[in-house]
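Engineer:
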Amino acid sequence: MGSAVGLDENAVNGEHLWLETNVSGDLCYLGEESCQVRFAKSALRRKCAVCKIVVHTACIEQLEKINFRCKPTFREGGSRSPRENFVRHHWVHRRRQEGKCKQCGKGFQQKFSFHSKEIVAISCSWCKQAFHNKVTCFMLHHIEEPCSLGAHAAVIVPPTWIIKVKKPQNSLKASNRKKKRTSFKRKASKRGTEQENKGRPFVIKPISSPLMKPLLVFVNPKSGGNQGTKVLQMFMWYLNPRQVFDLSQEGPKDALELYRKVPNLRILACGGDGTVGWILSILDELQLSPQPPVGVLPLGTGNDLARTLNWGGGYTDEPVSKILCQVEDGTIVQLDRWNLHVERNPDLPPEELEDGVCKLPLNVFNNYFSLGFDAHVTLEFHESREANPEKFNSRFRNKMFYAGAAFSDFLQRSSRDLSKHVKVVCDGTDLTPKIQELKFQCIVFLNIPRYCAGTMPWGNPGDHHDFEPQRHDDGYIEVIGFTMASLVTSTRVWLILAVVRCTSRREACISCTKQPRTTLSLILWIPSDFSTITSNE
């Protein structure tokens, strides 16, 4: 059993994705006559995340014998038959069914249906259409007719697009060599395609259409709490499972590489802001053109980027169908992103330069970059979660850890001398005297309006004419200093903040000398970049 299907050479078309289930109301799909353990009340059950049938574990072998397969998610390569450009329905018997019959418009029998043994409906696991199990409703021509893929057809990757490459390719290559090459351009294109696909078990051959907006879904089950696993299963039901990926099993690079040439591609990142940043960094590495827009389903703790883009502060069990509509219809906007360039500080003595850090774990930030109190608390949270992930299984518990770590750091006053060791110059203006005067314990380079789980330190400038409203796509970065008092109250006090705006064409430099508990010595240069992202507006 696994949480997601793969795109490796061992993939089997029509294979069920079994998950453990304790739902006692669902009878075994085989029915009483064929069920192997029909008299055992406590027999283990499995549920397919893709087509939602339930069987006893002991009955899975019998299900294979009657050849009831899950819906096909790709097609085999090497077939000499004409390519099929349509998908057939995948009909499944249901003993319980919501909604109304597609044919007669009447509801399905729900009375005493919790333990119903009668098959009341036949539904398609692709388009979700359902019919009464009667010859007057479900007719023979429905069996072989093309499937529309339902309400979300525009974002579903049809199985006809995904082709599993046949292993023995010698005869295919020989055949290709015999074909007449009409131009050098065509020859170079073919060679490039063969090189790209070499060694890959799957290739994607999309049919371009302005109506199609194929979606890749990346889910990080570690983000926030236990919502990720549930979200992953729901997307498996609504979409082609081979467009849904579990980031705890594998990173996003291989999937993005495989789908890189699909027109109008969109991406949904289900996780925290770190998950979004991870995907954006892979897009940078692959240099996709045009770069696909990225939507956010917030499963993290803070979700500041999701709040900024109107995706909300956290997922609250909204219907997945509604989320898919929002992704399809969402407005595409630009997001400024900033590179961090680190150099050794030439003004430091040689003994401190030896201990200096010249390489950061990440050299791009999307939300904000900070020094001091909040950075130390965030690092402590990250290291604790990496060491004991099982203790960080809910958004509330994560926030409680943040609060505890912040209180402990507040008592220790570990950042009290930050202003003595930092020099900040923005657009040629030296802010160091102001920082030392106000004794800031936290300096934030803010790219988006939201900070620390939703607070807005820049706020609405109002009557302060020297300050303009903040935007995530304006080519500016706001530099804000906090005293401990302003951090504790999470409020914006104009008199105690050294606030400036750096344009994307200039530099913001930070020089740090050696401090207690760190060996950081660096100068940061911050030029701008941007990515396309989907806003839920």
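In full-length UniProt numbering, the protein residues as written are 1 to 537.
Ideal placement from N, C-alpha and C gives every residue a C-beta, glycine not left out.
On a predicted model such as this, the values are computed, not experimentally measured, just so you know.
Span of the beta strand (DSSP E) holding E478?
Structural biologist: Locating residue 478 in the sequence shown gives position 478, where the first residue counts as 1. 476–482 is the span of the beta strand (DSSP E), which, as asked, contains E478.
Engineer: Going by CA-CA distance only, name the one from V5, L418, K52, G295 that's closest to T308.
Structural biologist: Within the sequence shown, numbered from 1, the residue matching residue 308 stands at position 308. Residue G295 is the option with its Cα nearest to T308.
Engineer: I want to know whether the region 129–145 touches the region 156–167 - three or more CB-CB distances under 8 Å.
Structural biologist: With a cut-off of 8 Å, the region 156–167 and the region 129–145 do not count as touching, because too few Cβ pairs lie within range.
Engineer: Within the region 10–56, note down every full beta strand (DSSP E) run reaching 3 residues or more, in order along the chain.
Structural biologist: 18–21, 45–48, 54–56
Engineer: State buried or exposed for A40, treating a residue as buried only when at least 16 other CB atoms are found within 10 Å of its CB.
Structural biologist: Taking the sequence shown and counting its residues from 1, the one referred to as residue 40 is at position 40. By the 10 Å Cβ count, A40 comes out exposed.
Engineer: Looking only at C-alpha atoms, which of I282, R385, I122 sits nearest to K222?
Structural biologist: What you label residue 222 is simply residue 222 of the sequence shown in a count that begins at 1. Nearest C-alpha to K222: R385.
Engineer: Measure the C-alpha to C-alpha separation of residue 592 and N220 and round it to an integer number of angstroms.
Structural biologist: As displayed, the chain neither begins before 1 nor continues past 537, which places residue 592 out of reach and without an answer.
Engineer: Could you spell out where the alpha helix (DSSP H) holding K322 opens and where it closes?
Structural biologist: Position 322 of the sequence shown, counted from the start, is the residue given in the question as residue 322. Element bounds for K322: 320–329.
Engineer: If you compare alpha carbons, which of F218, N339, R200 is closest to I477?
Structural biologist: Mapped onto the sequence shown, residue 477 falls at position 477. Of the candidates F218, N339, R200, the one whose C-alpha sits nearest the C-alpha of I477 is N339.
Engineer: Helix, strand or coil for V364, going by three-state DSSP, please let me know.
Structural biologist: If you number the sequence shown from 1, residue 364 lands on position 364. Three-state result, V364: strand.
Engineer: Could you please give the first and the last residue of the uninterrupted alpha helix (DSSP H) stretch that includes F445?
Structural biologist: Along the sequence shown, one-based indexing puts residue 445 at 445. No alpha helix (DSSP H) holds F445; the beta strand (DSSP E) holding it covers 442–446.
Engineer: Closest to G475 by C-alpha separation, out of D317, L335, E343, would be which residue?
Structural biologist: Along the sequence shown, read from residue 1 onward, the residue named residue 475 stands at position 475. Measuring C-alpha to C-alpha distances from G475 to each of D317, L335, E343 identifies L335 as the nearest.
Engineer: In whole angstroms, give me the CA-to-CA distance for E437 and K420.
Structural biologist: Within the sequence shown, the letter at position 437 stands for residue 437. Within the sequence shown, the letter at position 420 stands for residue 420. Rounded to the nearest angstrom, the two C-alpha atoms are 10 Å apart.
Engineer: Could you give the uninterrupted runs of the alpha helix (DSSP H) lying entirely in the region 414–440, keeping only those of 4 residues or more?
Structural biologist: Runs of the alpha helix (DSSP H) inside the region 414–440: 418–421, 432–438.
Engineer: Buried or exposed: F86, going by 16 or more other Cβ atoms within 10 Å of its Cβ?
Structural biologist: As a working note, residue 86 is residue 86 in the sequence shown. F86 comes out exposed.
Engineer: Taking 8 Å as the cut-off, decide whether the C-beta atoms of P298 and G277 are in contact.
Structural biologist: The sequence position of residue 298 within the sequence shown is 298, counting from 1. The sequence position of residue 277 within the sequence shown is 277, counting from 1. Not a contact, by the Cβ cut-off of 8 Å.
Engineer: What's the call for D374, buried or exposed, on a 16-neighbour Cβ count within 10 Å?
Structural biologist: Indexing the sequence shown from 1 puts residue 374 at position 374. It counts as buried.
Engineer: Answer yes if the region 282–289 comes into contact with the region 320–335, meaning at least three C-beta pairs across the two stretches below 8 Å, and no otherwise.
Structural biologist: no
Engineer: Kindly indicate which three-state DSSP category V377 falls into: helix, strand or coil?
Structural biologist: Looking up residue 377 in the sequence shown gives position 377. Looking at V377 - three-state DSSP - the assignment turns out to be helix.
Engineer: What is the rounded straight-line gap between the Cα of A11 and the Cα of V203?
Structural biologist: For this step, residue 11 is matched to residue 11 along the sequence shown. For this step, residue 203 is matched to residue 203 along the sequence shown. Cα to Cα, the separation comes out at about 13 Å.
Engineer: Can you tell me whether L44 is buried or exposed? The criterion is at least 16 other CB atoms within 10 Å of its CB, across all chains shown.
Structural biologist: Here residue 44 refers to the residue found at position 44 of the sequence shown. Around the beta carbon of L44, fewer than 16 other beta carbons lie within 10 angstroms, which makes this residue exposed.
Engineer: For a quick check, are the C-beta atoms of P263 and S208 less than 8 Å apart?
Structural biologist: As a first step, residue 263 is located in the sequence shown; it is residue number 263 there, counting from the start. As a first step, residue 208 is located in the sequence shown; it is residue number 208 there, counting from the start. Closer than 8 Å, so yes.
Engineer: What is the rounded straight-line gap between the Cα of T301 and the Cα of K102?
Structural biologist: Here residue 301 is taken as the residue at index 301 of the sequence shown, counted from 1. Here residue 102 is taken as the residue at index 102 of the sequence shown, counted from 1. Their backbone Cα atoms lie some 42 Å apart in a straight line.
Engineer: Would you please state the rounded distance, in angstroms, between the beta carbons of N398 and L305? I believe it to be under 8 Å.
Structural biologist: Numbered from its first residue, the sequence shown carries residue 398 at position 398. Numbered from its first residue, the sequence shown carries residue 305 at position 305. Going by Cβ atoms, the distance from N398 to L305 rounds to 17 Å, so no, they are not a contact pair.
Engineer: How big is the Cα-Cα spacing for P210 and A49?
Structural biologist: As a first step, residue 210 is located in the sequence shown; it is residue number 210 there, counting from the start. As a first step, residue 49 is located in the sequence shown; it is residue number 49 there, counting from the start. C-alpha separation (whole angstroms): 30 Å.
Engineer: Please report the residue range of the alpha helix (DSSP H) in which K65 lies.
Structural biologist: Counting from one through the sequence shown, the residue named residue 65 turns up at place 65. Unbroken alpha helix (DSSP H) run through K65: 60–65.
Engineer: With 16 as the cutoff for other CB atoms within 10 Å, does D430 come out buried or exposed?
Structural biologist: What you label residue 430 is simply residue 430 of the sequence shown in a count that begins at 1. Exposed, since its Cβ has fewer than 16 Cβ neighbours within 10 Å.
Engineer: Can you tell me the Cα-Cα spacing of A498 and K253, whole angstroms?
Structural biologist: Position 498 of the sequence shown, counted from the first residue, corresponds to residue 498. Position 253 of the sequence shown, counted from the first residue, corresponds to residue 253. With a pLDDT of 42 at A498, under the threshold of 50, the predicted position of this residue should be treated as unreliable, and no value is reported.
Engineer: Excluding the 5 residues flanking K439 on each side, which residues of the same chain have their C-beta closer than 7 Å to its C-beta?
Structural biologist: Residue 439 sits at position 439 when you count from the first residue of the sequence shown. The answer, listed in chain order, is S419, T483.
Engineer: How many Å lie between P158 and Y451 at the Cα?
Structural biologist: In the sequence shown, counting from the first residue as 1, residue 158 sits at position 158. In the sequence shown, counting from the first residue as 1, residue 451 sits at position 451. Looking at the two C-alpha atoms, the distance is approximately 40 Å.
Engineer: Can you tell me the Cβ-Cβ gap for F74 and N13, rounded? I've got them flagged as a contact below 8 Å.
Structural biologist: Indexing the sequence shown from 1 puts residue 74 at position 74. Indexing the sequence shown from 1 puts residue 13 at position 13. Contact holds; Cβ gap of about 6 Å.
Engineer: Closest by CA to R88, which one among K71, E343, V55, Y259?
Structural biologist: Translated into positions along the sequence shown, residue 88 becomes position 88. Ranking K71, E343, V55, Y259 by Cα distance to R88 puts K71 first.
Engineer: Could you name the residues of the same chain whose beta carbon sits closer than 6 Å to that of C127, not counting the 5 residues immediately before and after it, in chain order?
Structural biologist: In the sequence shown, residue 127 corresponds to position 127, counting from 1. Same-chain partners within the cutoff: C147, S148, L149, G150.
Engineer: Alpha carbon to alpha carbon, how far is R337 from E118?
Structural biologist: As a working mapping, residue 337 is identified with position 337 in the sequence shown. As a working mapping, residue 118 is identified with position 118 in the sequence shown. One C-alpha to the other measures close to 57 Å.
Engineer: Does the beta-carbon distance from D216 to L7 come in below 8 Å?
Structural biologist: The residue you call residue 216 lines up with position 216 of the sequence shown. The residue you call residue 7 lines up with position 7 of the sequence shown. Rather than Asp, the amino acid found at residue 216 in this sequence is Leu. No, the pair does not count as a contact, with Cβ atoms beyond the cut-off.
Engineer: Given E76, which residues of its chain have a CB within under 8 Å of its CB, disregarding the five upstream and five downstream residues?
Structural biologist: If you number the sequence shown from 1, residue 76 lands on position 76. N13, I163, K164, K166.
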